[in-house]
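Colleague: All residue numbers for the sequence shown refer to this note's numbering, where the first residue is 699 and numbers rise by one.
Even for Gly, the Cβ is constructed at its ideal location relative to N, Cα and C.
Nothing here was measured: the structure is a model prediction, and the numbers come from that model.
Questions regarding the structure given below will be posed in turn.
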Amino acid sequence: MKKAFSLLFLIFLLTGCGSKPAPVWIAAGHQQLGNFKQDFLIGREPPITEIHFKKAVEEIKKGGDIDLLGKVWLTRMALQIAVLREPEDGDYLKVEAVESIPANRNYYLFLKGGVAKVDLLLLPEPYRPLWAALQSGDAPKAANAIAAINDPLSRLIAAGLAVRHKLETEAILQTAVETASQNGWKMALLAWLERLKSFYEAAGSAEKALAIESRIEIMSSK
Numbered sequence: 699m700k701k702a703f704s705l706l707f708l709i710f711l712l713t714g715c716g717s718k719p720a721p722v723w724i725a726a727g728h729q730q731l732g733n734f735k736q737d738f739l740i741g742r743e744p745p746i747t748e749i750h751f752k753k754a755v756e757e758i759k760k761g762g763d764i765d766l767l768g769k770v771w772l773t774r775m776a777l778q779i780a781v782l783r784e785p786e787d788g789d790y791l792k793v794e795a796v797e798s799i800p801a802n803r804n805y806y807l808f809l810k811g812g813v814a815k816v817d818l819l820l821l822p823e824p825y826r827p828l829w830a831a832l833q834s835g836d837a838p839k840a841a842n843a844i845a846a847i848n849d850p851l852s853r854l855i856a857a858g859l860a861v862r863h864k865l866e867t868e869a870i871l872q873t874a875v876e877t878a879s880q881n882g883w884k885m886a887l888l889a890w891l892e893r894l895k896s897f898y899e900a901a902g903s904a905e906k907a908l909a910i911e912s913r914i915e916i917m918s919s920k
């Protein structure tokens, strides 16, 4: 039962839900990681945001579970992709060196762009249709796969992965913008608006780019 729970823990962390009572150290770690996730996405001051992540790591360390600790670092990488940043390994590789968990290693490869090496059956289910689109390089298929993901954060991560694989379309960018906007994730929203503005500029759609720039200026003003 512990193994099955561990395999689902990454989704548990990202979506903020679980069907069974968790040990105190897991619950505390989840709460701290949830605080980190929210602060990160809205763009709160980095020192405060990092405190929550460090506390999440310390809580998970209390249980000595290498599997779950690896998933905490993978969650951080996934969040970075959700806001169009380069994912930083952090201590994930150190954790993996102690004990390599197939599901964790698989998701790590997915986040880092090693799609050809990814085992579809070990991939969290919401990303499986996207994996197929990334494999084939089919941008419209990727856009549909992203739009079909119910969980907003998973949807934003998927959009970030599509951009990293150069499957950038207006539909994907608009989906990401709408997702960040609906959830009040200001920092993520600004990142995706900047990307959409650049997309319009590259496409020669000056009027659309100007409209996005005006929106960015209003949001950024104090």
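Could you name the residues of the same chain whose beta carbon sits closer than 7 angstroms to that of I847, not counting the 5 residues immediately before and after it, in chain order?
Modeller: Contacts found: P824, R853 and A856.
Colleague: I want to know whether the segment 797-812 touches the segment 866-881 - three or more CB-CB distances under 8 angstroms.
Modeller: no
Colleague: Taking the alpha-carbon positions, what's the I764 to K735 distance?
Modeller: Roughly 21 angstroms between the two C-alpha positions.
Colleague: Taking all protein chains shown into account, decide if Y790 is buried (16 or more other Cβ within 10 angstroms of its Cβ) or exposed.
Modeller: buried
Colleague: Under 7 angstroms Cβ to Cβ from L820, same chain only, skipping five residues before and after it: list those, please.
Modeller: P800, A801 and N804
Colleague: Out of K810, A814 and W771, which has the shortest C-alpha to C-alpha gap to V861?
Modeller: Answer by Cα proximity: K810.
Colleague: Please state whether DSSP places K906 in a helix, a strand or coil.
Modeller: helix
Colleague: Go ahead and pull the three-state DSSP assignment for G727.
Modeller: helix
Colleague: I need the DSSP call for T867, collapsed to helix, strand or coil.
Modeller: coil
Colleague: Assign Q880 to buried or exposed, taking buried as 16 or more other Cβ atoms, counted over all protein chains shown, within 10 Å of its Cβ.
Modeller: exposed
Colleague: Where does the unbroken alpha helix (DSSP H) through L828 begin, and where does it stop?
Modeller: L828: member of the alpha helix (DSSP H) spanning R826 to S834, first to last residue.
Colleague: What is the C-beta distance between L828 and L859, in whole angstroms, given that I count them as a contact (C-beta under 8 angstroms)?
Modeller: 7 angstroms
Colleague: Using a threshold of 9 angstroms, state whether the C-beta atoms of A886 and A725 are closer than that.
Modeller: no
Colleague: Nearest-angstrom Cα distance between E899 and L731?
Modeller: 37 angstroms
Colleague: Taking only runs that begin and end inside the segment 752-833, name each unbroken beta strand (DSSP E) of 3 or more residues, in chain order.
Modeller: none
Colleague: Using a Cβ-Cβ cutoff of less than 8 angstroms, which residues in the same chain neighbour L767 once the five nearest sequence positions on both sides are dropped?
Modeller: V755, I758, K759 and V793
Colleague: Going straight from the alpha carbon of T867 to that of V722, what length do you get?
Modeller: 43 angstroms
Colleague: Would you tell me roughly how many angstroms separate the C-alpha atoms of L865 and F738, rounded to the nearest one?
Modeller: 25 angstroms
Colleague: Tell me whether S852 sits in a helix, a strand or coil according to DSSP, three-state version.
Modeller: Here S852 carries a helix assignment [DSSP, helix/strand/coil].
Colleague: Can you name the start and end residues of the alpha helix (DSSP H) that S896 belongs to?
Modeller: K884 to A900
Colleague: Based on Cα-Cα distance, which residue from A814, A843 and K752 lies nearest to Q833?
Modeller: A814
Colleague: Taking only the alpha-carbon atoms, compute the straight-line gap between K906 and S896 and give it to the nearest angstrom.
Modeller: 10 angstroms
Colleague: For M699, count the other beta carbons within 10 Å of its own beta carbon; 16 or more makes it buried, fewer makes it exposed. Which is it?
Modeller: Note that M699 has pLDDT 32, beneath the 50 cutoff, so the model's placement of it is unreliable and the number below is only indicative. Label assigned to M699: exposed.
Colleague: Please say whether G762 and R774 have beta carbons closer to each other than 9 angstroms?
Modeller: no
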